[in-house]
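Engineer: Chain order of the listed sequences is A and B. The end of the first sequence is residue 318 by this note's numbering, with every number in the run present. The end of the second sequence is residue 318 by this note's numbering, with every number in the run present. Using N, Cα and C, we set each Cβ at its ideal position, and we do this for glycine too.
Protein chains: 2
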Amino acid sequence: MHHVVLREVGLRDGLQSLAQFMPTAAKCAWIAAEHAAGVNEIEVSSFVPPKLLPQFADAEQVVQYALTLPGLTVSALIPNLRGAERGLALGVHKLNYVLSASESHNRNNVRRSTQESVDDFARIVAAARGAANRPILCAGLATSFGCTIEGAVDEDRVRRLAGELAAAGADELVLADTVGYGDPAAVRRVFAAVKQEVGDMVVGAHFHDTRGLGIANVQAALEMGVRHFDASLAGLGGCPFAPGATGNIVTEDTAFLCETLGYDTGIDIERLVRVRPILAANLQDTALLGNLAKAGLPKHFVPARQRAQTEAAQ
Amino acid sequence: MHHVVLREVGLRDGLQSLAQFMPTAAKCAWIAAEHAAGVNEIEVSSFVPPKLLPQFADAEQVVQYALTLPGLTVSALIPNLRGAERGLALGVHKLNYVLSASESHNRNNVRRSTQESVDDFARIVAAARGAANRPILCAGLATSFGCTIEGAVDEDRVRRLAGELAAAGADELVLADTVGYGDPAAVRRVFAAVKQEVGDMVVGAHFHDTRGLGIANVQAALEMGVRHFDASLAGLGGCPFAPGATGNIVTEDTAFLCETLGYDTGIDIERLVRVRPILAANLQDTALLGNLAKAGLPKHFVPARQRAQTEAAQ
């Protein structure tokens, strides 16, 4: 039986797109409930300047709470060295740095070249090496499957940047379909290229469902050996480049896909679905997406782990 | 380059689930607009008794209109011999008969055993053979991937029933995931079993997106050689067994998947998206689903046919 890690990113990528502030207590309740449902990695906040994104003004409190939950990998986004220092001071388990494979997108997003962003990451690696509790350093490549500014993004460029981030000291990589341009064929090509470049290191996937192919892309990535996926409860988080459009793939639906295909996620899906009311109660006028939650599990559904145990006993 | 046929079933499977009557003129406008967008097969109505489903009281008018559109395969559902006779009288191109692979579901749905339904289909085949314009006879197997009453449905049973329908004279088969229990692994298993049983005949897929796996199931079916899919504009049609839940896969999103994977659908996706306002204007309080329509095509999207032509020219 294979295992798959689903990282909940709704508290970061989801909340980032919302104007209203989710109360710190609600964020903590959300984290606790997902942890209890078996989600073992959560990106709980972002160490961006609160002036830029007031939503994450409580990053320290949220991280400190999350770190009390046993067995949970506490993950947080860092935009730069200053953010990394905040994360290092708290002992966050995993720090996620992001740059865009698309040069134009990176300039628009962080006002520097991709090369400057790679150099910036190298400085973060150096800082983390000196830290008391060295975190896992995860480097994400946004727009790996296309960009709203440039259109297609060259696969060789994605492969080369992945290699540079690995050489700079990344422990893990994530290929992100930031604008939802990816399709299963592109997923296969880009992951094959990157895996050839970086060998056995963990390369995760961050897919959006902007054009309906999110779950099909997960399926294609699973076939390519990808075992780490970002997803968001109730699909929280729109696409900033297409108002009203869908953002992150839905954690519940993704877990359901993985379990039906025999990949153990460790997640109790029914319990995960019961976390949704926390969002409904705290986020007004925000659509809760996801089909599984509306229909419930199939009558004969058996989690992958339980099926494997039954088969082993026979 | 491979070709895929997407059959629009919103006018039948979609409208079937709605209480409000869609005006005949709106149905005809919908059919004309999809035909103009390149959809080359549409299930335009159902020959059920109008007393049971008043939505289809105008079946004759709708079919007669659809038959005037050049190149369109006009398809209609027939619940029994009486329905088939109505279709034969009009010269419908393709008649779709459906029985359930699940014995309990078939009894609930049409109050007879699956064996009686197979025998009924044989009588329809005999009637069609005597008709002036012999239509294509398509037999659908509902609940081929599970049933809300019985849970799992035995694959050998699906295979055997497919063989019986083929032997009775079906020209095409469709395996339907009526309640949205299917997953990509099950899709591969069931299609492999049925194709082994019936050889080279057309075996299409009718998937619902009830639990978020609809498009992933299409992808798995494409890999199994399936080239005929039912889908519904804006995902029209809920799941009758899970109120509020999603029904048919979305035609726009399905076309987008196929085209990105190199399968020519013949459909102009942007033009197809522009058909949605006909639904919005004529169906109050009905959610228009589908992610692609909200986000638009990727900037660098090129239809499969055009890519193949470019490659051939190089």
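In three-state DSSP terms, what is V198 of chain A?
Structural biologist: In the structure shown, V198 of chain A sits in a helix (DSSP, three-state: H, G or I).
Engineer: At 8 Å on the CB atoms, spell out the chain B contacts of I219 of chain A, in chain order.
Structural biologist: By Cβ distance, chain B contributes G216, L217, I219, A220.
Engineer: Just to make sure I have the definition right: I need the residues of chain A whose C-beta is within less than 7 Å of the C-beta of N95 of chain B. Which are they?
Structural biologist: The question names Asn, but residue 95 of chain B is Gly in the sequence shown. Within chain A, no residue comes near G95 of chain B; the closest Cβ sits about 36 Å away, beyond 7 Å.
Engineer: Please identify, using Cβ separations under 7 Å, the residues of the segment 181 to 210 of chain B that lie next to chain A, in order along the chain.
Structural biologist: Under the 7 Å Cβ criterion, the segment 181 to 210 of chain B contributes G184, Y185, D187, P188, A189.
Engineer: Quick check for students: name the residue ranges of the beta strand (DSSP E) that lie wholly in the segment 216 to 242 of chain B, counting only runs of 3 or more.
Structural biologist: With a minimum length of 3 residues, the continuous beta strand (DSSP E) runs that stay inside the segment 216 to 242 of chain B are 232 to 235.
Engineer: What are the boundary residues of the alpha helix (DSSP H) that L261 of chain A is part of?
Structural biologist: Here the alpha helix (DSSP H) through L261 of chain A covers 255 to 264.
Engineer: Note down, in chain order, every chain B residue with its Cβ under 9 Å from the Cβ of N295 of chain A.
Structural biologist: Those within 9 Å of N295 of chain A in chain B are G184, D213, T214, R215, G216, L217, G218, A249, T250.
Engineer: Along chain B, which residues have their Cβ under 7 Å away from the Cβ of G300 of chain A?
Structural biologist: Within 7 Å Cβ-Cβ: A246.
Engineer: Kindly indicate which residue of A:L145, A:A131, A:P302 has the alpha-carbon position closest to the one of P139 of chain A.
Structural biologist: Here the closest residue by C-alpha is A:A131.
Engineer: Can you give me, in chain order, the residues of the segment 141 to 157 of chain A that have a beta carbon less than 7 Å from any beta carbon in chain B?
Structural biologist: Taking 7 Å as the Cβ-Cβ cut-off against chain B, the residues of the segment 141 to 157 of chain A that qualify are G150, T152, G155, A156.
Engineer: Alpha carbon to alpha carbon, how far is I271 of chain B from H109 of chain A? Give it in angstroms, no decimals.
Structural biologist: For H109 of chain A and I271 of chain B, the distance between alpha carbons rounds to 31 Å.
Engineer: Mind listing which residues of the segment 222 to 233 of chain A have their C-beta closer than 8 Å to chain B's C-betas, in chain order?
Structural biologist: Within the segment 222 to 233 of chain A, the qualifying residues are V222, Q223, A224.
Engineer: Excluding sequence positions up to five away, which residues of its chain have a Cβ less than 6 Å from the Cβ of G326 of chain A?
Structural biologist: Because chain A spans 5 through 318 in this model, residue 326 of chain A falls outside it and cannot be assessed.
Engineer: If you run the structure through DSSP and keep just helix, strand and coil, what is Q126 of chain A?
Structural biologist: The sequence given here places Ala at residue 126 of chain A; Gln does not occur at that position. Here A126 of chain A sits in helix by DSSP.
Engineer: Quick one: what's got a C-beta closer than 6 Å to G87 of chain B's C-beta in the same chain, skipping five residues either side?
Structural biologist: If we look at G87 of chain B and ignore the five residues flanking it on each side, its Cβ neighbours are F51.
Engineer: Residues in the same chain with beta-carbon distance under 6 Å from Y69 of chain A, minus the five sequence neighbours each way, listed in chain order, please.
Structural biologist: Closer than 6 Å at the Cβ level, and outside the excluded window around Y69 of chain A, lie C32.
Engineer: Looking at the secondary structure, which residues open and close the alpha helix (DSSP H) in which I35 of chain A lies?
Structural biologist: Note, I35 of chain A: alpha helix (DSSP H), 28 to 40.
Engineer: Considering only residues of the same chain and omitting the five flanking positions on each side of D289 of chain A, which have a CB-CB separation below 6 Å?
Structural biologist: Within the same chain, D289 of chain A has no close Cβ partners at all.
Engineer: Should the segment 199 to 207 of chain B be called in touch with the segment 171 to 182 of chain B, which here means at least 3 C-beta pairs below 8 Å?
Structural biologist: Short answer: they touch.
Engineer: Within the chosen definition, does the segment 139 to 148 of chain A reach the segment 57 to 68 of chain A through at least 3 CB pairs nearer than 8 Å?
Structural biologist: No: the two stretches stay apart, fewer than three of their Cβ pairs being nearer than 8 Å.
Engineer: In this structure, does DSSP put R116 of chain B in helix, strand or coil?
Structural biologist: R116 of chain B falls in the coil class under three-state DSSP.
Engineer: Check the Cβ of L265 of chain A against every Cβ in chain B and list those closer than 8 Å, keeping chain order.
Structural biologist: Within chain B, the residues near L265 of chain A are D187, P188, A189.
Engineer: Along chain B, in chain order, which residues have C-beta atoms closer than 9 Å to that of C243 of chain A?
Structural biologist: Simply K298, A299.
Engineer: Counting only Cβ pairs nearer than 9 Å, list the residues of chain A close to V3 of chain B.
Structural biologist: Within the shown structure, residues of chain B are numbered from 5 to 318, placing residue 3 of chain B beyond reach of any answer.
Engineer: Using the beta-carbon count (16 or more within 10 Å), is G186 of chain B buried or exposed?
Structural biologist: Flag for G186 of chain B reads buried.
Engineer: If you reduce the DSSP assignment to three classes, tell me which class N44 of chain A lands in.
Structural biologist: Here N44 of chain A sits in coil by DSSP.
Engineer: For Q223 of chain A, which residues of its own chain have a beta-carbon under 8 Å away from its beta-carbon, when the five flanking residues on both sides are left out?
Structural biologist: Taken in chain order, the residues that qualify are P188, L261, L265.
Engineer: So, under 8 Å CB-CB, A172 of chain A and V129 of chain A are touching, yes? Tell me the CB distance rounded to an integer number of Å.
Structural biologist: Yes, they are in contact, since the Cβ atoms of A172 of chain A and V129 of chain A sit about 6 Å apart, within 8 Å.
Engineer: CB A235 of chain A to CB R280 of chain A, shorter than 7 Å?
Structural biologist: The answer is no: Cβ separation not under 7 Å.
Engineer: Cα separation between F149 of chain A and R164 of chain A?
Structural biologist: So the alpha carbons of these two residues sit roughly 14 Å apart.
Engineer: Checking contacts by CB at 7 Å: is H304 of chain A closer than that to chain B?
Structural biologist: Yes, H304 of chain A lies at the interface with chain B (some Cβ there is under 7 Å from its Cβ).
Engineer: Could you work out which residue in A:L287, A:A170, A:I273 is closest to F305 of chain A when comparing CA atoms only?
Structural biologist: It is A:I273 whose Cα lies nearest to the Cα of F305 of chain A.
Engineer: With 7 Å set as the bound, which would you pick, yes or no: does the beta-carbon of F261 of chain B sit closer than that to a beta-carbon of chain A?
Structural biologist: At residue 261 of chain B the sequence reads Leu, which differs from the Phe that was named. Yes, because at least one Cβ of chain A sits closer than 7 Å to the Cβ of L261 of chain B.
Engineer: Could you tell me the alpha carbon to alpha carbon distance between A225 of chain A and V191 of chain A, rounded to whole angstroms?
Structural biologist: Distance between the alpha carbons of A225 of chain A and V191 of chain A is about 6 Å.
Engineer: Taking 8 Å as the cut-off, does the segment 12 to 19 of chain B touch the segment 37 to 53 of chain B (at least 3 CB pairs, one atom from each stretch)?
Structural biologist: The segment 37 to 53 of chain B is in contact with the segment 12 to 19 of chain B.
Engineer: In three-state terms, what does DSSP make of Y185 of chain A?
Structural biologist: Reduced to three states, the DSSP call for Y185 of chain A is coil.
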